[in-house]
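Counting in my numbering, the sequence shown runs from 1 upward without gaps. Beta carbons: idealized from backbone N, C-alpha and C, even for Gly. Since the structure is predicted, the reported quantities are computational estimates derived from the model, not experimental observations. Reading through the structure tokens given below for one structure.
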Amino acid sequence: MSASRIALVTGANQGLGRALVEGLAARLHPDDLVLLTGRNPQRVEDAAREVTQLPGTRARVEGRVLDVTDTAAVAALAKELESRYGGVDIVVSNAVARLLPEDSQAARADEFIDVSNTATHAVLRSFGPALRPGGRLLVVASSLGTLGHLDPRLHHLFESASLDQVEETVESWRRAIHNGTATEEGWPVWLNVPSKVAQVAAVRAVAAARREHDLATGTLVASVCPGMVDTATSRPWFSDYSHAQSPSQAAVAVLDLIFAERVDPALHGELVRFGRALPWHDGTPLVEQDRIVTP
Numbered sequence: 001m002s003a004s005r006i007a008l009v010t011g012a013n014q015g016l017g018r019a020l021v022e023g024l025a026a027r028l029h030p031d032d033l034v035l036l037t038g039r040n041p042q043r044v045e046d047a048a049r050e051v052t053q054l055p056g057t058r059a060r061v062e063g064r065v066l067d068v069t070d071t072a073a074v075a076a077l078a079k080e081l082e083s084r085y086g087g088v089d090i091v092v093s094n095a096v097a098r099l100l101p102e103d104s105q106a107a108r109a110d111e112f113i114d115v116s117n118t119a120t121h122a123v124l125r126s127f128g129p130a131l132r133p134g135g136r137l138l139v140v141a142s143s144l145g146t147l148g149h150l151d152p153r154l155h156h157l158f159e160s161a162s163l164d165q166v167e168e169t170v171e172s173w174r175r176a177i178h179n180g181t182a183t184e185e186g187w188p189v190w191l192n193v194p195s196k197v198a199q200v201a202a203v204r205a206v207a208a209a210r211r212e213h214d215l216a217t218g219t220l221v222a223s224v225c226p227g228m229v230d231t232a233t234s235r236p237w238f239s240d241y242s243h244a245q246s247p248s249q250a251a252v253a254v255l256d257l258i259f260a261e262r263v264d265p266a267l268h269g270e271l272v273r274f275g276r277a278l279p280w281h282d283g284t285p286l287v288e289q290d291r292i293v294t295p
């Protein structure tokens, strides 16, 4: 088993993921390793090289090609890290599918759900068991991930659900989109709301099952809301960017959570925004015309 810390970030070629890798590489020690992952081999290689060359970088940075929608590949990487290093200390699930306002939500549903939800489930299932005591397993979501943003008819599907039940609900939602019955069942047209709620529900399910052990070992499993971030993925959805953070600015609160000396029990399993848990039942269903990404 390696005494060095092992960190991994998905969706790390650019934007917030890239900023998180930079922050981890600056805060960790020279014997530690940060894995920068993404789907495009050239972008992964270029990004890892650029981070390595930054003046503030201390830890080792390696690029790894990982398609998070390939659940077998996610599982294989987790097993590799367990075999080679004895596990992993920091995992940030950050990958997201870029969706433009003019895109057909239904036409892009499979890709969006695969990247945001199927991948989240795979990361939780594969890296949860590989997380070493004192580790951090975080899923980047948004404040749209609180249950109140969904139609009340759907709340029971996510309330106190297991990970298996969340997965089945996500697949049921996917089928409803393809069958043309999603709207009558109460699902919003905008994919981002149920996707984020499902992400947070999945984290809550996994965290609940391991809470006692995690709190005894100083381990944190949570979802995080970084706030409004100026990225290529989010920019098309905003009309006012005056309060948006750069990816590097948005990464600070997430990094502070990762490097906190102790785990606040009130944050375990919760959706954390700027160091505070957002109440699970907060929010109101969004009007379909108001498709603005809420930080």
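Report task. Tell me, to the nearest whole angstrom, how far the beta carbon of R18 is from that of A59; I am working on the premise that it is less than 8 Å. Result -> Their Cβ separation, rounded to whole angstroms, is 15 Å, which puts R18 and A59 out of contact at 8 Å.
Report task. Please classify L8: does DSSP put it in a helix, a strand, or coil? Result -> strand
Query raised in the report: Name the DSSP bridge partner or partners of G135?
Result: Answer by DSSP bridge pairing: none, since G135 is not bridged.
Query raised in the report: In whole angstroms, what is the alpha-carbon distance linking V139 and P41?
Result: A direct Cα-to-Cα measurement between V139 and P41 gives close to 23 Å.
Report task. Buried or exposed for P295, please, with buried defined as at least 16 other CB atoms from any protein chain shown within 10 angstroms of its CB. Result -> Any reading at P295 needs caution, since the residue's pLDDT is 43, under 50, leaving its predicted position unreliable; the model's value is listed next. P295 comes out buried.
**Report entry** Pairwise C-alpha distance: T217 and D290
**Finding:** In this prediction, D290 scores a pLDDT of 45, lower than 50, which makes its location untrustworthy; the coordinate-derived value is nonetheless stated afterwards. For D290 and T217, the distance between alpha carbons rounds to 43 Å.
Report task. Identify every residue that forms a DSSP beta bridge with T37. Result -> R64
Query raised in the report: CB N117 to CB S195, shorter than 7 Å?
Result: yes
Query raised in the report: Any idea what DSSP makes of A277, helix, strand or coil?
Result: strand
Query raised in the report: By DSSP, does S248 sit in helix, in strand, or in coil?
Result: helix
Query raised in the report: Any chance the stretch 77-93 sits against the stretch 184-191, with 3 or more Cβ pairs inside 8 Å?
Result: no
Query raised in the report: When DSSP labels each residue in this structure, what does V164 get in the three-state scheme?
Result: At residue 164 the sequence reads Asp, which differs from the Val that was named. Helix.
Query raised in the report: Terminal residues of the continuous beta strand (DSSP E) containing D89?
Result: Bounds of the beta strand (DSSP E) holding D89 are V88 to S93.
Query raised in the report: Do the stretch 259-266 and the stretch 111-126 touch if we need at least three Cβ pairs shorter than 8 Å?
Result: no
Report task. Kindly indicate which three-state DSSP category L144 falls into: helix, strand or coil? Result -> helix
Query raised in the report: Is G23 near P247, with beta carbons less than 7 Å apart?
Result: no
Query raised in the report: Is the Cβ-Cβ distance between L36 and A72 less than 7 Å?
Result: no
Query - Rounded Cβ spacing between L147 and H268 (contact assumed at less than 8 Å) - result: The pair is not a contact, with the Cβ atoms about 18 Å apart (cut-off 8 Å).
Query - L99 - containing alpha helix (DSSP H), residue span - result: Note, L99: premise wrong, no alpha helix (DSSP H); not H, not E.
**Report entry** Three-state secondary structure (DSSP) of G128
**Finding:** coil
**Report entry** Coil, strand or helix - L271 by DSSP
**Finding:** strand
Query raised in the report: In chain order, what residues of the same chain lie with their CB nearer than 7 Å to the CB of V115, ignoring the 5 residues before and after it?
Result: V68, T69, A95, V96 and A97
Query - Of the listed residues A253, H213 and L271, nearest to A202 (C-alpha basis) - result: Of the listed residues, the one whose Cα sits closest to A202 is L271.
Query raised in the report: Candidates T219, L220 and A130: which alpha carbon is nearest K79's?
Result: A130
**Report entry** Given V44 as reference, the closest of S160, A176, V21 and L257 once Cα atoms are compared
**Finding:** Considering only alpha carbons, the answer is V21.
Query raised in the report: DSSP three-state call for S104: helix, strand or coil?
Result: coil
Query raised in the report: When every heavy atom of the ligand NAP is checked, does at least one fall within less than 6 Å of the C-beta of G135?
Result: Of the ligands one can find in the structure shown there are none, so the ligand NAP has no counterpart to examine.
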